[in-house]
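Residue numbers (our numbering), protein chains in the order written: chain A, 350 to 598; chain B, 2 to 509. Heads up, the beta-carbon is just placed ideally off N, CA and C, and yes, glycines get one too. Bear in mind that the values here come from a model prediction, so they are computed numbers and not experimental data. Comments concern the structure below.
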């Protein structure tokens, strides 16, 4: 069995495509190149271990959901639910990604060169040595980091298709009770929920930002100096118990 | 008791202590986790504070001399059929705190209970009844999608085999499962008891949205793992650990809202299974934010099927609400193998009181309308129906199955089996019966061996009763009862209710 498998996904039903991939993984294939992917769902879902994916085209809904370990590079765009409840591994996308990317993500990294949709990174959580990280090169839709309980989101706002849009949509980090969001330069105050503590990123923060932005630049061949040449804002929740005093017994 | 806020002066229960019987042994003081009993140094005797009593009856059960009786407080406000004391006391509490009223267990309000208006048939003279003590009686139930038709093929040697691929099924020896109660809402001793009891009985229990403790993976063949909006403890091993996966959309006790497990309940064990740091709040959003439509639900159903290589049936649990029938039809079309419906009497560890007491519909109505809708659309065989929420006895199980259910979930009944007295204070985390608590000293009050035995006894007892009722109707298989509404007659219902239930009035 070859260690690399190239599949032309044109016209293949998602279930057959994923079954072929799972079968190949069981047979020891460690590297996949998928051509002409046009919205096939669940690619890489729940796969475990050191497997490499290079996807050309548009990765469908819930790509890399529940994934634990693989490296996946999408040359093109990704639809909704990329990295849904992802446990570990690395995903990068040279284009844009859709809504609810990284929902309840618990570990690993997702790097998107361009813009992302609504409710990205919601309910992300960190646990022990698991720290989920999302780096967004472009801009984000509403509710970025809603209910966020852990992990890191870095929002650069640089490589966007929409010049006029604010860097993040409405209700940024509403209900956030853990983790950190870093925004390059500035976010308009009206975008922020009122449960947030917004400060300038300090040297410790910048070290962390640099670590992940360096990876972003390696992945997308961007100039790190240009990205880091300005201030970042650090957004954290004021309380880890946002609803602690809501009830009476 | 003086100088307390009025919301505490109008207390609910009175502790009666028989002075002649009390030996001041202080058992009551040790048993009460609400400090209603205390030792008075000056008087050298046990005293009590009625305002702290929640009516759990733990002290009464443990008093060695029978000196204690817990009664409702007889103090009565001026009679008023509108402004009942319940409303007055709640308003006092909220005026003090500005908080949202919190409650637990199921809706206790006096809405109609349709189970109590339904009566079962029995055979007389014709179609003789069957004695289950001497004749085989089949309670085995398979949950999952059933094919529209069966195809067979014949080999060259003339051997006939089934050609149709059968969808994955959950095999149950009784049409009863332990309802979703998370590790966190109840403690580990009870989780292990449910797991062991389910294994010995040949049924399943449901993890709830709290992940699965590593020690419980061995009971996987008798486990349904739940995936809810917070995705706590959800990962590929967890999804593949059980015999089925349930997507929890809603819960009967609190339709339309999520859950908040407060940080103080996230100790080391709960932290490990939920995979969140100790002491952090576990917030489950009201909706799954990746599901805003039936198409999105289909996406998650198939994500779970892909993640488990189509080996496991996927259940979707919803609260019984006004349009349940249409929603259930969508759920089945979205590819669910099981539709679980939780009625408005369904229990919870914590819910806002207004939601618990005012949202949702009776499970009997939801069940009958969903079963009928799926039959009318010709898709009833595509999914099994499981009902939950206020199943109190085996007759309720039989009535539910006759109305169209494949099986039932029992939650409150299972907790009552291990000692719950329905005091409805689960949200305090101080359950004196050691059930809805993770305080080690309290959780120890549940011995997993004894709890396992009690759960097994309950289901076995109900099983015998179900066999008796089936036999009495002349049926020897639970399959013959499913959706067989001819076996039901109603008393005291109006024509519209009869139509929805699809049941004739008694005498017709």
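In the assembly as shown, residue 343 (chain B) is a buried residue. Its beta-carbon has 16 or more other beta-carbons within 10 Å. Taking C-beta atoms under 8 Å as the contact rule, residue 500 (chain A) and residue 474 (chain A) qualify, at a distance of about 7 Å. Taking 8 Å as the cut-off, the beta carbon of residue 467 (chain A) is found closer than this to the beta carbon of residue 448 (chain A).
Three or more beta-carbon pairs separated by less than 8 Å link the region 469–476 of chain B to the region 110–125 of chain B, which places the two stretches in contact. For residue 357 (chain A), the enclosing beta strand (DSSP E) starts and ends at 353–357. Counting only the Cα atoms, residue 486 (chain A) lies some 6 Å from residue 506 (chain A).
The DSSP-derived three-state label of residue 139 (chain B) is strand.
Closer than 9 Å at the C-beta level to chain B, one finds these residues of the region 384–411 of chain A: 390, 391, 394, 395, 396, 397, 410 and 411. For a Cβ distance threshold of 8 Å, residue set 235, 236, 237, 240, 304 and 308 of chain B lies close to residue 415 (chain A), ordered along the chain.
Taking the Cα positions, residue 358 (chain B) is about 6 Å away from residue 110 (chain B).
Within chain B, no C-beta atom comes less than 8 Å from the C-beta of residue 459 (chain A); the nearest is roughly 15 Å away.
Looking at the DSSP output, residue 285 (chain B) sits in a beta bridge with B:260.
Note: residue 155 (chain B) is bridge-paired with B:161 in the DSSP secondary-structure output. Residue-level contact by beta carbon holds for residue 471 (chain A) and chain B, with a gap shorter than 8 Å.
Under the Cβ distance rule, residue 462 (chain A) does not count among the residues neighbouring chain B, no pair being separated by less than 8 Å.
For residue 439 (chain A), the uninterrupted beta strand (DSSP E) segment begins and ends at 437–442. Taking the Cα of residue 222 (chain B) as reference, the smallest distance to any Cα among B:14, B:198 and B:112 is reached at B:198. The shortest C-alpha to C-alpha distance from residue 246 (chain B) to any of B:17, B:372 and B:169 is the one to B:169. 8 Å or more divides the Cβ of residue 103 (chain B) from the Cβ of residue 444 (chain B). At a cut-off of 3 residues, the continuous stretches assigned as beta strand (DSSP E) that sit fully inside the region 489–531 of chain A are 498–504.
Membership of residue 342 (chain B) in the beta strand (DSSP E) is indicated by the continuous run 339–343. Residues of chain B whose Cβ lies closer than 9 Å to the Cβ of residue 524 (chain A) are, in chain order, 284 and 286.
Counting along the chain, residue 468 (chain B) sits inside no beta strand (DSSP E); it lies in the alpha helix (DSSP H) bounded by residues 449–473. In the pairwise beta carbon analysis, the region 57–77 of chain B is classified as not touching the region 387–395 of chain B: fewer than three pairs are separated by under 8 Å. In the structure shown, residue 504 (chain B) falls within a coil segment according to DSSP collapsed to helix, strand and coil.
Within the region 33–55 of chain B, no residue places its CB atom closer than 9 Å to a CB of chain A. Counting the other CB atoms within 10 Å of its CB gives residue 472 (chain A) a total of 16 or more, which places it among the buried residues. Between the alpha carbons of residue 149 (chain B) and residue 382 (chain B) lies a gap of roughly 7 Å. Rounded to the nearest whole angstrom, the CA to CA distance from residue 558 (chain A) to residue 503 (chain A) is 7 Å. Residues of the region 101–129 of chain B with a C-beta atom less than 8 Å from some C-beta of chain A are 101, 102 and 103, listed in chain order.
Rounded to the nearest whole angstrom, the C-alpha separation of residue 339 (chain B) and residue 178 (chain B) is 13 Å. In the DSSP assignment, residue 586 (chain A) falls outside any alpha helix (DSSP H) and within the unbroken beta strand (DSSP E) covering 581–586.
Residues are counted here when their Cβ sits less than 7 Å from a Cβ of chain B; for the region 528–547 of chain A the count is zero.
CA-to-CA, the gap between residue 231 (chain B) and residue 509 (chain A) works out to about 30 Å. Under DSSP, residue 418 (chain A) takes part in no beta bridge, so it has no partner. The residue among B:224, B:34, B:185 and B:450 with its C-alpha nearest the C-alpha of residue 282 (chain B) is B:185.
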